[in-house]
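Residue numbers (the numbering used here): 5 to 263.
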């Protein structure tokens with residue numbers, strides 16, 4: 005199964021395998037680059053989301069992804085004003101290119117797939133056009149927490165549904181938080197994501213069944229973005245012709261996020 009589909013369908017085994025391959029220190033470094041400042045212990049369970057975060061911290065991470073890898077520290081206070089609305093103090097926003105825009109674009113494409121064929125596909129019942137949106141559901145053990153984080157071309161928003169006593173909600177990320185998120189975006193309106201490719205990324209026709217290069221003989225081929233040089237070198241059997249020698253590392257492009 006390709007990595008983007010494993011992410012879209014929340015297959016945890018692929019997540020754990022990837023995290024262990026890149027290494028827990030690199031995972032921690034990536035979380036820091038995404039804007040997370042709180043201290044936390046680094047154990048393998050972190051790969052399954054076993055770390056406490058607030059909705060604001062989750063929004064910080066998804067803001068960085070939505071902005072193409074540009075980190076801007078979020079603030080709850082924009083300015084302090086007097087009784088007439090004149091600013092007494094402002095908080096400037098600094099921006100840093102924390103990640104290469106190329107792997108971020110590919111990751112965001114996988115988050116878009118989540119809403120098309122993954123755990124977030126039910127969102128189309130609330131928003132008729134989800135092709136320009138990206139997001140991810142999240143559910144903790146025993147359904148105590150229901151999460152959804154998503155963004156369009158202008159806004160990133162995070163919803164958490166849970167209980168003060170940490171009891172079970174009986175909700176998954178899709179049945180709880182995502183429905184709230186969908187209602188919010190329906191009310192304020194959505195703007196499609198920018199589809200322009202970063203320099204060094206190109207669309208390649210692949211066969212979804214094998215994740216190999218597609219051809220005219222493959223009826224179900226689809227376009228998928230690849231960083232130049234990381235695309236498959238072999239053709240799917242349906243494409244006709246001999247397969248080229250060599251194999252591809254399915255995690256190669258994603259590992260660039262952790263470099």
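Cβ coordinates follow ideal geometry from the N, Cα and C atoms, glycine included.
Less than 8 Å between the CB atoms is what I'm expecting for residue i and residue j, so what's the real figure, rounded?
i: residue 136; j: residue 157; result: 7 Å
i: residue 100; j: residue 75; result: 5 Å
i: residue 165; j: residue 66; result: That pair is no contact at about 17 Å.
i: residue 225; j: residue 218; result: 3 Å
i: residue 37; j: residue 80; result: At roughly 22 Å, the Cβ-Cβ gap does not stay under 8 Å, so residue 37 and residue 80 are not in contact.
i: residue 44; j: residue 55; result: 5 Å
Nearest to residue i by CA position, among the options, is which residue?
i: residue 233; options: 72, 185 and 205; result: 205
i: residue 155; options: 12, 72, 76 and 138; result: 138
i: residue 7; options: 203, 117 and 189; result: 117
i: residue 203; options: 95, 110, 61 and 57; result: 110
i: residue 82; options: 88, 71 and 94; result: 94
i: residue 160; options: 188, 53 and 242; result: 188
i: residue 196; options: 56, 50, 132 and 60; result: 132
i: residue 70; options: 178, 127, 210 and 153; result: 153
i: residue 122; options: 178, 151 and 60; result: 178
i: residue 144; options: 241, 30, 50 and 242; result: 50
Who pairs with residue i in a beta bridge, going by DSSP?
i: residue 76; result: 99
i: residue 154; result: 139 and 161
i: residue 205; result: 231
i: residue 84; result: 93
i: residue 210; result: 217 and 226
i: residue 166; result: 149
i: residue 49; result: For residue 49, which the question treats as bridged, DSSP gives no partner whatsoever.
i: residue 239; result: 217
Quick one: residues in its chain with C-beta nearer than 7 Å to the C-beta of residue i, no 5 flanking neighbours on either side, listed in chain order?
i: residue 92; result: 84, 85 and 86
i: residue 10; result: 18
i: residue 167; result: 173
i: residue 303; result: For residue 303 there is no data in the structure shown, the boundaries of the chain being 5 and 263.
i: residue 212; result: 224 and 226
i: residue 114; result: 8, 11 and 12
i: residue 186; result: 127, 130 and 131
i: residue 175; result: 147, 150 and 165
Just to confirm my understanding: we take residue i, look at its own chain, exclude 5 residues before and 5 after, and list those with CB closer than 6 Å. What are they?
i: residue 41; result: none
i: residue 230; result: 208
i: residue 32; result: 46
i: residue 200; result: none
i: residue 210; result: 218 and 228
i: residue 151; result: 142, 164, 177 and 181
i: residue 184; result: 163
Does the beta-carbon of residue i have 16 or more other beta-carbons within 10 angstroms, so that it is buried, or is it exposed?
i: residue 246; result: Low local confidence applies: a pLDDT of 44 at residue 246 is under 50, so the model's placement there is unreliable, and no value is given.
i: residue 251; result: Its pLDDT being 42, under 50, residue 251 is placed unreliably in this model, and the coordinates cannot settle the point.
i: residue 141; result: buried
i: residue 63; result: buried
i: residue 182; result: buried
i: residue 106; result: buried
i: residue 68; result: buried
i: residue 58; result: exposed
i: residue 193; result: exposed
i: residue 89; result: exposed
i: residue 222; result: buried
Ordered along the chain, which non-local residues of its own chain (more than five positions away) have a Cβ less than 8 Å from that of residue i?
i: residue 48; result: 20, 23, 24 and 28
i: residue 198; result: 157
i: residue 2; result: Since the first residue shown for the chain is 5 and the last is 263, residue 2 is missing from the structure and cannot be characterised.
i: residue 120; result: 12, 134 and 135
i: residue 146; result: 172
i: residue 248; result: Residue confidence for residue 248 is low, a pLDDT of 39 falling below 50, so the modelled location carries little weight; the figure read from the coordinates is stated next. Once the five neighbours on either side are set aside, the close Cβ partners of residue 248 are 237, 238 and 239.
i: residue 52; result: 16, 19 and 20
i: residue 265; result: As displayed, the chain neither begins before 5 nor continues past 263, which places residue 265 out of reach and without an answer.
i: residue 190; result: 130 and 131
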